[in-house]
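So that you can map any letter, position 288 of the first sequence is 561 in this note's numbering, and since no number is skipped, the others follow by simple counting. For glycine and all other residues, C-beta sits at the position ideal for the given N, C-alpha and C. Note sheet for the following structure.
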Amino acid sequence: MKRTKIKDLLQWEPQNQEVTVMGWTRTFRNNQFISLNDGSTIQNLQIVVDYTKFPEELLKRIHTGTSLKIEGILVPSQGKNQKSEVLAQSIEILGDCPAEEYPLQPKKHSLEFLREIAHLRLRTTTFQSVFRIRNGLAFAIHQFFQNKGFVYIHSPIITSSDAEGAGEMFQVTTLDLNNVPKDENGKVDYSQDFFGKAANLTVSGQLEAELGAMSFSEVYTFGPTFRAENSNTPRHLAEFWMIEPEMAFYDLNDNMDLAEEMLKYLIEYTLKNYPEELQFLQQRQLEEEKQKPQNERNTMPLIEKLEFCIKEPFERLSYTKAIEILENSSYNKKKKFQFPVKWGMDLQTEHERYLVEKEFQKPVILTDYPKEIKAFYMRQNEDGKTVRAMDILFPGIGEIIGGSQREERYELLYQRMKEMNISTEEMYWYLDTRRFGTVPHSGFGLGFERLVLFCTGMSNIRDVIPFPRTPKNCAF
RNA sequence: UCCUCAGUAGCUCAGCCGGUUAGAGCACAUGACUGUUAAUCAUGGGGUCGCAGGUUCGAGCCCUGCCUGAGGAGCCA
């Protein structure tokens with residue numbers, strides 16, 4: 274008989290239907306009740322075993338992790354926690370799971386321990402929930418942009434441009450590192466390398482996306498990016514996924530409108546499509562927070578927090594205004610900030626948190642930062658001091674989006690690159706966009722894992738990507 | 001990279017002031033029980049106390065270095 278997925282089967286009215294299900298044992302209680310999961314839903318199906326009708330040898334092989342094929346009939350459950358259950362008529366063990374060796378137990382495991390067994394943690398309800406939502410968000414991102422007619426551009430993963438200044442890069446080479454060829458100056462001779470020059474993994478697809486926007490008007494990238502920064506935080510990965518839309522004829526306001534609309538669309542999509550997963554994750558988060566001191570706890574449960582974010586318009590204000598607010602805050606007057614507030618400085622985490630969590634208590638978009646602390650490609654304002662940048666700050670995770678209106682004026686861009694020591698020769702192709710039919714345009718970058726963090730209520734970014742890469746960790 | 005904390009059984013953790021043979025719960029094995037919801041009860045096996053040095057009559061405990069993990073900071077998405 275054909276297999277029925279547990280997700281479908283749980284929708285049925287139990288009327289003694291004959292069914293076949295397959296899945297993995299979560300628990301086997303009382304020698305009678307198998308909790309079976311097949312990954313089609315985070316819910317388990319209860320299989321009822323009449324232990325007098327099956328050989329003891331067979332039942333002894335059923336442990337947490339054992340994969341089974343069950344044929345039986347679907348009946349109303351006598352127990353309290355489920356509507357229906359399957360009375361087993363035949364049990365076939367598809368794969369044994371040696372109980373002494375299998376690390377997953379029917380109990381709470383720490384996330385740190387599960388990270389060490391990332392190849393098995395996918396089998397837990399927590400990670401099924403997280404990665405099902407991750408999957409949904411990836412789909413929803415494409416849907417959002419495709420519905421608007423944006424063209425998906427595949428930016429290269431290996432690149433020879435190292436001028437973006439977005440962070441330390443991973444080098445890509447086929448040279449024998451034990452015998453590196455050198456030129457007459459004693460430098461590495463990259464002409465003998467695979468590409469005939471030095472190559473790296475990309476840190477951003479933005480510059481390539483700009484090339485696309487100069488043709489299609491509206492494009493986006495969605496791919497992996499790599500940063501070799503020695504960052505050891507719950508918000509950074511060496512390999513992460515980024516969404517980078519780039520739009521011709523958009524100014525900074527259009528850019529912010531799009532970013533806000535996108536984030537709200539994605540959060541709403543999650544709420545609509547993953548209620549069970551969110552419910553489970555919310556419960557998980559509440560229990561995690563019981564361990565924390567009162568003042569570090571989230572003020573809002575996960576689902577409420579997500580709903581709140583889509584209801585309220587994000588707070589928009591300039592960097593300069595934000596500095597004023599911080600300077601006049603009672604926090605500052607009581608000298609509670611570790612870093613003194615002063616126009617021109619980059620905002621520290623404590624300042625961003627104050628604005629988002631204390632002052633406005635909702636997502637905040639900051640604009641028009643001092644040019645000294647922002648990238649070379651951002652459009653300069655008339656005041657000569659600031660650029661058309663915008664950062665979207667979210668409660669709990671800080672910067673989720675960074676974007677800007679780009680400098681479309683050739684002379685100003687050229688001059689800025691010179692000032693910041695960026696090679697105009699190597700970047701000729703980027704400058705060409707401003708030489709040949711330049712237009713005002715804007716774009717932003719969304720860190721996919723930070724979005725997943727926010728939507729799942731997880732607290733460490735290593736738990737929202739299946740196989741995290743961080744300094745000193747490249748397992749699996 | 002910097003600061004703080006941690007590393008003891010498969011997992012989560014206790015281990016007093018440095019003192020005999022290092023403990024508990026869960027997991028696992030065996031048995032009992034059989035409508036359970038992380039079943040329950042009984043019994044049992046299970047340890048290079050992160051690694052390397054040092055102090056001491058004696059170190060899981062004190063000191064030094066290193067490794068790993070977590071939290072915070074920086075860099076950022």
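Comparing C-alpha positions only, which one of the options sits nearest to residue i?
| i | options | result |
| --- | --- | --- |
| residue 363 | 337, 354, 322 and 638 | 322 |
| residue 277 | 343, 302 and 325 | 343 |
| residue 538 | 454, 289, 743 and 724 | 724 |
| residue 525 | 477, 662 and 628 | 662 |
| residue 747 | 501, 694, 535 and 518 | 501 |
| residue 678 | 650, 462, 484 and 469 | 650 |
| residue 666 | 604, 616, 710 and 533 | 533 |
| residue 281 | 546, 274, 300 and 311 | 311 |
| residue 727 | 484, 580 and 412 | 580 |
| residue 421 | 520, 628 and 611 | 520 |
| residue 398 | 423, 462, 315 and 515 | 315 |
| residue 531 | 543, 542 and 517 | 517 |
| residue 383 | 689, 368 and 731 | 731 |
| residue 590 | 412, 628, 722 and 513 | 628 |
| residue 578 | 561, 549, 544 and 560 | 544 |
| residue 493 | 433, 630, 424 and 298 | 424 |
| residue 638 | 529, 559 and 585 | 529 |
| residue 512 | 385, 499 and 682 | 499 |
| residue 681 | 449, 486, 540 and 411 | 486 |
| residue 714 | 703, 491, 585 and 396 | 491 |
Please classify residue i as buried or exposed, where buried requires at least 16 neighbouring CB atoms within 10 angstroms.
| i | result |
| --- | --- |
| residue 481 | buried |
| residue 735 | buried |
| residue 720 | buried |
| residue 296 | buried |
| residue 509 | buried |
| residue 381 | exposed |
| residue 308 | buried |
| residue 464 | exposed |
| residue 338 | buried |
| residue 402 | buried |
| residue 488 | exposed |
| residue 452 | exposed |
| residue 716 | buried |
| residue 709 | exposed |
| residue 351 | exposed |
| residue 404 | buried |
| residue 701 | exposed |
| residue 611 | exposed |
| residue 668 | buried |
| residue 514 | buried |
| residue 622 | exposed |
| residue 378 | exposed |
Which residues in the same chain have their Cβ closer than 8 Å to the Cβ of residue i, if we skip the five residues on either side of it in sequence?
| i | result |
| --- | --- |
| residue 749 | 391, 392 and 740 |
| residue 632 | 598 and 602 |
| residue 302 | 308 |
| residue 505 | 743 and 744 |
| residue 368 | 339 and 340 |
| residue 635 | 581, 582, 585, 587, 588, 629 and 668 |
Near residue i, what residues of its chain come up, given a Cβ to Cβ distance below 7 Å and the 5 sequence neighbours on each side ignored?
| i | result |
| --- | --- |
| residue 646 | 619 |
| residue 324 | 304, 305 and 332 |
| residue 348 | 287, 289, 357, 358 and 360 |
Can you give me the start and stop residues for the beta strand (DSSP E) that residue i sits inside?
| i | result |
| --- | --- |
| residue 664 | 659–667 |
| residue 300 | 290–302 |
| residue 704 | Counting along the chain, residue 704 falls outside any beta strand (DSSP E), though it belongs to the alpha helix (DSSP H) covering 701–708. |
| residue 639 | 637–643 |
| residue 428 | It is not in any beta strand (DSSP E) - residue 428 carries neither H nor E in the DSSP assignment. |
| residue 672 | 671–678 |
Let's see if you can read the secondary structure: which residues bound the alpha helix (DSSP H) around residue i?
| i | result |
| --- | --- |
| residue 547 | Note, residue 547: premise wrong, no alpha helix (DSSP H); not H, not E. |
| residue 690 | 683–692 |
| residue 725 | 721–729 |
| residue 479 | 479–489 |
| residue 279 | 279–282 |
| residue 342 | Not the alpha helix (DSSP H): residue 342 falls in the beta strand (DSSP E), residues 340–349. |
| residue 310 | Run containing residue 310: none in the alpha helix (DSSP H); it sits in the beta strand (DSSP E), 306–310. |
| residue 433 | Premise fails: residue 433 is in no alpha helix (DSSP H) and is neither H nor E. |
Only counting the same chain, and skipping five residues up and downstream in sequence, which positions put a Cβ closer than 6 Å to that of residue i?
| i | result |
| --- | --- |
| residue 431 | 445 and 472 |
| residue 675 | 664 and 718 |
| residue 594 | none |
| residue 461 | 453 |
| residue 624 | 599 |
| residue 640 | 591 and 663 |
Would the beta-carbon of residue i be found less than 6 Å away from any heavy atom of the ligand HEM?
| i | result |
| --- | --- |
| residue 340 | Among the components of this structure there are no ligands whatsoever, and the ligand HEM is therefore not found. |
To test your reading of the DSSP string, which unbroken alpha helix (DSSP H) runs of 4 or more residues are found completely within the segment 353–414? 384–389 and 391–394
Of all the alpha helix (DSSP H) runs that stay within the bounds of the segment 557–601, which reach a length of 4 or more residues? 575–584 and 592–601
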